[in-house]
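Read the structure below first, then the notes.
Protein chains in written order, with my numbering: chain A, 1199 to 1674; chain B, 56 to 313.
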């Protein structure tokens, strides 16, 4: 997708003016946060499980080469193929080649953030292959030609009325000529349209929540069952996954799964958890004849051993954005690339460049709620601060900001001068405010006073008053 | 409670916002500390904990300021700050800053182990109870993110406020949400901050309380400033002022003409 992170301020301004979006974000805030909190409180060992999940992911990252080779070996042994791809371009070309080899015209797709990341749909379409999203949310935004605004609820920004219009516009060709307003019937309509696509698709593409090293299985966790139809009906199943998705054992999968759905939607488990191990075996009744795993690095191995390594623990649950006051205010599209919310603010500068994404790590009050709810305890604020430091060092942060901080630092390091300057400033502000006790505007303080009054100081500074008091009491 | 019988020398880390904007919070802190038998010193060379630089990515300046703070507060049994945010900077982030400098790391850890946020120090270390304080108000308490998540100072302020005669404590909805201050964030991203503070204010006003207290002046200045901008008249105080019996003085941003 086109990266627009540079325009974060403008996009967030527009987003905050959009009443439909505000209503939708209100539902995210209320629904997901309450559900997670209930689910977490009902499981006494939830906090211990978070520690275990973190440790499992850390072990994976420490021994990534070992687990990936193990996984490859097992996939191959079960009759599948693993394609190691270092870049998005390589991954897309590998997918295209597999599709072309089976002369594919249409592919169905399960929900997958990684295919959003590499913009696979656009690439397939440009090469004459029609991609069809089958997750309801993904299907809706595909019709609307928009990127996802949330990693587990891609169309969370859409209202029911907007879906009615989209379906009316796009489903007339299938004989649905009336505007349908009932949500249940809208779902039925999408299901009927998609059902036909599943059976006629040549290839099914899914992502993976986990790649299990000990069995060579890929795992998807879904709520709609669309992923299962996507991967079992067409003759070819392609799994696209980034390499940090590998996990050592089935036991580890079950540990991480216990924190995944609870953190994401507050469910104990998602409705469907599907393990795919190789293509259809001779005595299987159904399943794909060809099974391919596209294993994508996409800049991830570079992050190992750096301040960013902990980001690779992410299991894409969305809890950070569900609890983020900035996300609640601006929505997912403001972030300008595939990953929104705190995790996006932390990872996008690595993926699209700090210069492009410099606003994202800055647009945080460091409230710390993302880290508090992250099931694998990613220290997101620490990583956002890392980016701020990089931006400062590399002079990507705007000059007035850098000079302002350096000027302040100059004084803060010189107590006598600082004392003099703060005493002058306090007294002036107190005088200007007079009896009102606050200021409505300040010549250099628009950032503050455009939103709020500035409570005025109380005359002399504390340090000034304290010293006077000490002198009066004869202690100096 | 083991220290309550001896005179303890406590150094007050005033914090830059209290120093410049609300000295009465500093004097309230001194009064409360003295009430629990402490002798309060105010090291002369202190300025700020360095958060503005730290959160802006200026690590070099942050380290220089942190070194100054460590030097200025050496030798005191306890260091107390009327702010969860500044106490958190010293206790949690100073050691991180010197992770690669073993000598300074020891010094930073030493300071961190002696540093406390005021309210938790009063309650947990000094066994303070708010006796003989009266404030006939309906009050709601705002948890700053630093106190809530970094310092875990949540129960102590409520316990102490519970001892104030005449005070009715009413809890707001969505207590865990940030008020939108975030230091330089509220200036650089003022529109987003506005959205956040408005949501906070809606929840605070919905309590029907006439007074707001919190333990961090940054949040309080942000919330008070926005309340006044929107024409509300809730009285805004630092919790130290309430506990020190200074709750009837003009609130933050209130002035003397009302």
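Every residue, glycine too, gets a C-beta built ideally from N, C-alpha and C.
Beta-carbon neighbours of residue i, restricted to chain A and to distances below 7 Å
i: residue 243 (chain B); result: 1560 and 1645
i: residue 276 (chain B); result: 1653
i: residue 102 (chain B); result: 1610, 1613 and 1616
i: residue 286 (chain B); result: Going along chain A, no residue has its Cβ under 7 Å from residue 286 (chain B), so there is no contact; the nearest lies around 11 Å.
i: residue 283 (chain B); result: 1636 and 1651
i: residue 305 (chain B); result: 1635
Listed by chain order, chain A residues near residue i by CB distance under 8 Å
i: residue 294 (chain B); result: Under the 8 Å cutoff, chain A gives no residues; its nearest Cβ is about 16 Å from residue 294 (chain B).
i: residue 108 (chain B); result: 1603, 1606, 1607 and 1610
i: residue 200 (chain B); result: 1563, 1564, 1565, 1566 and 1567
Close beta carbons around residue i, own chain, < 6 Å, minus the five adjacent residues each side
i: residue 58 (chain B); result: In this prediction, residue 58 (chain B) scores a pLDDT of 46, lower than 50, which makes its location untrustworthy; the coordinate-derived value is nonetheless stated afterwards. Answer for residue 58 (chain B): no residue qualifies.
i: residue 1656 (chain A); result: none
i: residue 109 (chain B); result: 117
i: residue 1284 (chain A); result: 1495
i: residue 1280 (chain A); result: 1270, 1273, 1491 and 1493
i: residue 1319 (chain A); result: 1329
i: residue 255 (chain B); result: 234
i: residue 1187 (chain A); result: Since the first residue of chain A shown is 1199 and the last is 1674, residue 1187 (chain A) is not available in this structure.
Min CB distance residue i to chain E below 8 Å
i: residue 1430 (chain A); result: Among the protein chains in the structure shown, which are A and B, there is no chain E.
Whole-angstrom C-beta distance between residue j and residue i, which should lie under 8 Å
i: residue 153 (chain B); j: residue 163 (chain B); result: 5 Å
i: residue 1384 (chain A); j: residue 1441 (chain A); result: Going by Cβ atoms, the distance from residue 1384 (chain A) to residue 1441 (chain A) rounds to 38 Å, so no, they are not a contact pair.
i: residue 1346 (chain A); j: residue 1530 (chain A); result: 7 Å
i: residue 1487 (chain A); j: residue 1581 (chain A); result: Residue 1487 (chain A) to residue 1581 (chain A), Cβ: 43 Å. No contact.
i: residue 1523 (chain A); j: residue 251 (chain B); result: 5 Å
i: residue 145 (chain B); j: residue 104 (chain B); result: 6 Å
i: residue 1586 (chain A); j: residue 1559 (chain A); result: 6 Å
i: residue 1509 (chain A); j: residue 1544 (chain A); result: 6 Å
i: residue 1636 (chain A); j: residue 286 (chain B); result: At roughly 13 Å, the Cβ-Cβ gap does not stay under 8 Å, so residue 1636 (chain A) and residue 286 (chain B) are not in contact.
i: residue 200 (chain B); j: residue 1565 (chain A); result: 4 Å
Other residues of its chain near residue i: CB distance less than 8 Å, five sequence neighbours each side excluded
i: residue 113 (chain B); result: none
i: residue 1616 (chain A); result: 1609 and 1610
i: residue 1470 (chain A); result: 1418, 1419, 1420, 1421, 1422, 1423, 1425 and 1426
i: residue 206 (chain B); result: 139, 142, 143, 146, 172 and 175
i: residue 1301 (chain A); result: 1400
i: residue 150 (chain B); result: 160, 163, 164 and 167
Chain-ordered neighbours of residue i on chain B, where CB pairs are closer than 7 Å
i: residue 1460 (chain A); result: Per Cβ cutoff of 7 Å: no residues; residue 1460 (chain A) is ~18 Å from chain B at best.
i: residue 1211 (chain A); result: 246
i: residue 1634 (chain A); result: 310 and 312
i: residue 1587 (chain A); result: 112 and 114
i: residue 1527 (chain A); result: 247, 250 and 251
i: residue 1675 (chain A); result: Nothing about residue 1675 (chain A) can be read from this structure; chain A reaches only from 1199 to 1674.
Same chain, Cβ closer than 7 Å to residue i, neighbours up to 5 away in sequence not counted
i: residue 1619 (chain A); result: 1609
i: residue 1554 (chain A); result: 1201, 1203 and 1204
i: residue 263 (chain B); result: 193 and 225
i: residue 1233 (chain A); result: 1463 and 1464
i: residue 56 (chain B); result: For residue 56 (chain B), the predicted model reports a pLDDT of 44, less than 50, meaning its position is unreliable and no value from the coordinates is stated.
i: residue 1331 (chain A); result: 1307, 1337 and 1340
Nearest residue (CA-CA) to residue i, options the options
i: residue 161 (chain B); options: B:191, B:126 and B:187; result: B:126
i: residue 1360 (chain A); options: A:1219, A:1556 and A:1438; result: A:1219
i: residue 98 (chain B); options: A:1257, A:1571, A:1372 and A:1614; result: A:1614
i: residue 274 (chain B); options: B:302, B:311 and B:198; result: B:198
i: residue 1431 (chain A); options: A:1445, A:1375, A:1298 and A:1489; result: A:1489
i: residue 1428 (chain A); options: A:1214, A:1246 and A:1404; result: A:1404
i: residue 1394 (chain A); options: A:1438, A:1304, A:1449 and A:1340; result: A:1304
i: residue 1409 (chain A); options: A:1436, A:1433 and A:1443; result: A:1443
i: residue 1475 (chain A); options: A:1624, A:1449, A:1437 and A:1501; result: A:1437
i: residue 1479 (chain A); options: A:1525, A:1445, A:1412 and A:1275; result: A:1275
i: residue 323 (chain B); options: B:70, B:121 and B:216; result: Given that chain B is displayed from residue 56 to residue 313, the structure contains no residue 323 (chain B) and the question cannot be resolved.
i: residue 1532 (chain A); options: B:303, B:288 and B:247; result: B:247
i: residue 190 (chain B); options: B:216, B:239 and B:107; result: B:216
i: residue 306 (chain B); options: A:1633, A:1641 and A:1643; result: A:1633
i: residue 227 (chain B); options: B:236, B:259, B:290 and B:288; result: B:259
Within chain B, partners of residue i - CB distance below 9 Å
i: residue 1623 (chain A); result: 75
i: residue 1641 (chain A); result: Near residue 1641 (chain A) there are no residues of chain B at all, since even the closest Cβ is about 14 Å away, more than 9 Å.
Chain-ordered chain A contacts of residue i [CB-CB under 9 Å]
i: residue 78 (chain B); result: 1624, 1655, 1656, 1657, 1658, 1659, 1660, 1661, 1662, 1663 and 1664
Contact list for residue i against chain B, beta-carbon separation under 8 Å
i: residue 1595 (chain A); result: 111 and 112
| said: Please list, in chain order, the residues of the segment 1564-1580 of chain A that have any C-beta partner in chain B closer than 7 Å. | reply: Residues passing the 7 Å Cβ filter: 1564, 1565, 1566, 1567 and 1570.
| task | Can you give me, in chain order, the residues of the segment 106-133 of chain B that have a beta carbon less than 7 Å from any beta carbon in chain A? | result | 107, 108, 110, 111, 112, 113, 114, 116, 119, 120 and 123
| field | Residues within the segment 226-240 of chain B neighbouring chain A, beta-carbon criterion of under 7 Å | value | 231, 232, 233, 235, 236, 237 and 240
| query | Any residues in the segment 1500-1524 of chain A with a beta carbon nearer than 8 Å to a beta carbon of chain B? Which ones, in chain order? | reply | 1523 and 1524
| query | Which residues, in order along the segment 169-191 of chain B, keep a beta-carbon less than 8 Å from a beta-carbon of chain A? | reply | For the segment 169-191 of chain B, which is checked against every Cβ of chain A, not one residue is closer than 8 Å.
| When you check each C-beta in the segment 1355-1370 of chain A against every C-beta of chain B, which residues fall closer than 7 Å? | none
| task | Below 9 Å between beta carbons is the criterion; list the residues of the segment 79-100 of chain B that meet it against any residue of chain A, in chain order. | result | 79, 80, 81, 82, 85, 97, 99 and 100
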